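Line by line, the protein sequences are chains A and B.
The numbering of the first sequence is this note's numbering, which starts it at 12 and goes up by one.
The numbering of the second sequence is this note's numbering, which starts it at 111 and goes up by one.
Beta carbons: idealized from backbone N, C-alpha and C, even for Gly.
The structure displayed is predicted, hence computed values, not measured ones.
See below for the structure under consideration.
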Amino acid sequence: MSVLTPIKGTQAVYRLNPVSKLAASAIISLTLVLSIDWVSAGVALALQIVIFFWAGIGLRPFFRRTVPIWIAAALGGFTMLLYGRASGETYFQFLLIQISDGSIELAIATTLRMLAIALPAVVLFITIDPTDLADGLAQIVRLPARFVLGALAGLRLIGLFAEDWRSLELARRARGIADRGRLRRFWGQAFALLVLSIRRGAKLATAMEARGFGAPIERSWARESRLRSADGVLVALAIAISATAVTVSVLTGNWNFIAAQS
Amino acid sequence: MSVDAVGARIDARAWGWRHAGRSDWALSGIDLIIAPGERVLLLGASGAGKSTFLHALAGVLGGDDDGEAHGELLVDNQAPNIVRGRVGLLLQDPDAQVILARVGDDVAFGCENLGVPRDEIWRRVDAALTAVGLALPLDHPTSALSGGQKQRLALAGLLAMQPGLLLLDEPTANLDSDGVQEVRAAVETVVAKTGATLVVIEHRVSIWRELVDRVIVFSAGGGVLADGTPDRVLAEQGESLAAAGVWVPGFPPARPVRAARRDTNAVLTTEALVIGRNARAVHGEPIAVELEGGRALAITGPNGSGKSTLALTIGGLLPPVTGTVSAAGLANGGAEEPISWKSKELLTRIGTVFQDPEHQFVAATVRDELAVGPRALGLPEHEIEARIAHLAERLRLGALLSANPFTLSGGEKRRLSVATVLATRPPLVILDEPTFGQDSRTWQELVALLAELLDDGTSIVAVTHDREFIAAIADQELQLVVPTRARRDDGESAR
Chain A
12 MSVLTPIKGT QAVYRLNPVS KLAASAIISL TLVLSIDWVS AGVALALQIV
62 IFFWAGIGLR PFFRRTVPIW IAAALGGFTM LLYGRASGET YFQFLLIQIS
112 DGSIELAIAT TLRMLAIALP AVVLFITIDP TDLADGLAQI VRLPARFVLG
162 ALAGLRLIGL FAEDWRSLEL ARRARGIADR GRLRRFWGQA FALLVLSIRR
212 GAKLATAMEA RGFGAPIERS WARESRLRSA DGVLVALAIA ISATAVTVSV
262 LTGNWNFIAA QS
Chain B
111 MSVDAVGARI DARAWGWRHA GRSDWALSGI DLIIAPGERV LLLGASGAGK
161 STFLHALAGV LGGDDDGEAH GELLVDNQAP NIVRGRVGLL LQDPDAQVIL
211 ARVGDDVAFG CENLGVPRDE IWRRVDAALT AVGLALPLDH PTSALSGGQK
261 QRLALAGLLA MQPGLLLLDE PTANLDSDGV QEVRAAVETV VAKTGATLVV
311 IEHRVSIWRE LVDRVIVFSA GGGVLADGTP DRVLAEQGES LAAAGVWVPG
361 FPPARPVRAA RRDTNAVLTT EALVIGRNAR AVHGEPIAVE LEGGRALAIT
411 GPNGSGKSTL ALTIGGLLPP VTGTVSAAGL ANGGAEEPIS WKSKELLTRI
461 GTVFQDPEHQ FVAATVRDEL AVGPRALGLP EHEIEARIAH LAERLRLGAL
511 LSANPFTLSG GEKRRLSVAT VLATRPPLVI LDEPTFGQDS RTWQELVALL
561 AELLDDGTSI VAVTHDREFI AAIADQELQL VVPTRARRDD GESAR
């Protein structure tokens, strides 16, 4: 399961606290969704690419994990190109499709924006170990330990669910009911998986309780989650990228605040 | 581990428990005292409430919403849910007890919940891992552990909490023989080291007999049926316990008498067969299988050697990576490879019983479950009824026909999963670990039924660790080995 196996390494990005990674990508996304111009997105993306080299993730894993984003960004851009709000000169028209200066600009802005929001999120998230994230959320953000640890333990079951699903599928072929009714079978199988997961969840809850989980005692933490200076640098970089992108965009007159549009 | 770790004392006075929504008491009238440091084996027919008792001692039975108690149950003169951490409970299912992704973190989990200071936690983690014989790095992934290792990991997690009472609820039922020995040895070390009181439920008496100094038998009708030294209790109750499904040394389940062999034809053969999942080979080496009518083949080998994968491949459920499985004798002149058959065609040719019966259940009642195969074949209703009636009688499912399959006991689920496959009378039956965790009564019935099928000319392939099962029915054994390359390659294929 790729979600459960973070990339490991020794560069700075692997030593950052997951909480600061969450914060950094939240800062960038929140800023970039405020406008849909190509300048702010382009500036942010350009700065990010410089920083990706510093992150120390190899090109191969980087592209392997971000393939869906490149595809989604291209598709999003293409849709905008064909159907985006028309303005300026029109180059091609067919039924609802209208390619114009306006739609070309929207297409570029959309593609850049999706990349600028999603790429840093992926780069930061693929290096997050779920256990470290839970430690950070509970100790630094002070989310309730019961909730965070329950979710963390539940996450481990995802791998088992995937195996259950495969077995359920094979078992239905063995039971002679896999030739027809694909959709109905899917729902039946999904229901069986639900029953199995609830049982697994209940057993896990008992096992956790048997180890004192939920006891009315102040919990201690075996692993300390702490923010270091590098975490400050990461958040500062995120702020700097966002600020630069907005500034350049406003100065060049491209900034269009979404709330200001009709 | 620590100097003050002295065993806990248990007091039960006329104690009983009724689960919410049930009219019968799960157990009642339990009167007993277990002294600090005693080692007790708890026996009884299934349904006698042994697990409920252990859960109650561990304080995980729940509150008033979950059921109703009468009498008194005390650990060190206090209610069990108050002395959390004083009691450690080890459960049957190894997969359900792994809580965190790394070995060290998992062991530390219990200590964290008890508020143990950080430095002390890691000292205890090291000591606990050593005590259970798990010499692994702290960041070793828990998903890469075998069943026996997972149980020892869970034991280490309990041990690190320094409990005075260790409760083991069939801790070895899901393990192969190596796993059983690992866990047994780890428990012995732990108890010797800590002086903790031990209560273990297990229906295979021989595993724990030498370690315990007292045997308590719960009566299915409520109360304590027998209580005393292992020798005395087993001499007095051995026969009735064996009849109730407990594996008692000296009272082995009956083995079937097989009919004389007849000469038969090949049912299934393989050629240059390389097995694997998602086109990734488990073994580089091809596996040769040759199966004749009315013969039983046992597939054995350690975890990760591809036994289940081989069974699924022979059964026409997984495609071979390379090579072929050919079952010309079953194909009625059609394509010879089982994987190319339709799902419906498999029904009357090859039946597969999965390791986990719950994966196979598709209906809301036992009756409908048995009817699924015959209905898919389009058999007339009266024929379906006749087959259900026959199987229900043969496999003691008659009283359960309108029950939901998911609510059955372990033994009942196993019998049902076998019955669903037999309902369409395939000439080749494949079973994955059919005797895992079964009591001796179900074992005996299962083996007798399979022997009967063999005598009638049905072929059987069984993935199994169970030497007694192999001795009882197997004609040949195929021993698989763990591929040397898999572990180094990548973590995922090593599972």
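Of the candidates Ile-228(A), Leu-181(A), Leu-106(A) and Glu-116(A), Ile-228(A) places its Cα closest to the Cα of Arg-157(A). Residue contact check for Glu-468(B) against chain A: a CB pair falls below 8 Å. Annotated as distal: Asp-279(B) and Ile-317(B), with beta-carbon spacing of 8 Å or more. Per DSSP, reduced to three states, the secondary structure at His-469(B) is helical. Nearest in C-alpha terms to Ala-218(B), of all of Ala-97(A), Thr-142(A), Leu-126(A) and Phe-136(A), is Thr-142(A). Under the DSSP definition of a beta bridge, Ile-110(A) partners with Phe-103(A).
Along the region 273-290 of chain B, going in chain order, the ones with a CB nearer than 9 Å to a CB of chain A are Leu-277. Those residues of the region 130-143 of chain A placed with their C-beta closer than 9 Å to a C-beta in chain B are Asp-140, Pro-141 and Thr-142, ordered along the chain. The Cβ-Cβ distance between Val-300(B) and Val-392(B) does not fall below 8 Å. The Cβ-Cβ distance between Asp-48(A) and Asn-267(A) falls below 8 Å. DSSP places Ser-133(B) in no alpha helix (DSSP H); its state is neither H nor E. Under DSSP, Leu-378(B) forms a beta bridge with Leu-401(B). Counting C-beta pairs with one atom in each stretch, the region 240-259 of chain B and the region 198-214 of chain B have three or more that are closer than 8 Å, which means they touch.
Counting only the Cα atoms, Arg-239(A) lies some 8 Å from Asn-28(A). Ile-139(A) sits in coil when the DSSP states are folded into three classes, being neither helix nor strand. Contact between the region 232-248 of chain B and the region 166-185 of chain B is absent: fewer than 3 CB-CB pairs across the two stretches fall below 8 Å. A contact between stretches requires three or more CB pairs, one per stretch, nearer than 8 Å, and the region 331-341 of chain B meets this requirement with the region 132-148 of chain B. In this structure, Ala-247(A) is the residue among Ala-247(A), Val-261(A) and Leu-215(A) with its C-alpha nearest to the C-alpha of Ile-39(A).
If you draw a straight line from the Cα of Leu-41(A) to the Cα of Ala-34(A), it is about 10 Å long.
For secondary structure counted as the beta strand (DSSP E) over 3 or more consecutive residues, the region 310-384 of chain B holds these complete runs in sequence order: 324-328, 334-338 and 376-384. Within the region 422-475 of chain B, the beta strand (DSSP E) runs of at least 3 residues that lie entirely inside it are, in chain order, 432-436 and 460-463.
In the displayed model, Val-591(B) falls within coil according to three-state DSSP, outside both helix and strand. Of the residues Val-343(B), Gly-267(B) and Arg-368(B), the one whose Cα lies closest to the Cα of Glu-220(A) is Gly-267(B). Residue range 70-94 is occupied by the alpha helix (DSSP H) that includes Ile-80(A). Annotated as proximal: Val-293(B) and Gly-258(B), with beta-carbon spacing under 8 Å. Among the residues of chain B, those whose CB is under 8 Å from the CB of Trp-232(A) are Glu-222 and Arg-228, following chain order. The shortest CA-to-CA distance from Ile-144(B) to any of Arg-132(B), Ser-527(B), Gly-159(B) and Gly-117(B) is the one to Gly-117(B). For Ala-408(B), the enclosing beta strand (DSSP E) begins and ends at 406-410. Ile-424(B) does not reach chain A, its nearest Cβ partner there being about 12 Å away, counting only Cβ pairs nearer than 9 Å.
It is roughly 43 Å from the alpha-carbon of Ala-129(A) to the alpha-carbon of Gly-426(B). Taking every protein chain shown into account, the CB of Leu-526(B) has 16 or more other CB atoms within 10 angstroms, so this residue is buried. Proximity to Thr-380(B) across Gly-461(B), Ile-326(B) and Pro-396(B) peaks at Pro-396(B), based on C-alpha coordinates. The alpha-carbon separation between Gly-99(A) and Gly-199(A) amounts to approximately 54 Å. Shown here for Ile-494(B): same chain residues with a beta carbon closer than 6 Å to its own, the five before and five after excluded, namely Ala-481 and Pro-484 in chain order.
Of the other Cβ atoms in all chains shown, 16 or more fall within 10 Å of the Cβ of Gly-521(B); this residue is therefore buried. By the rule that beta-carbons nearer than 8 Å mark a contact, Val-206(A) touches chain B.
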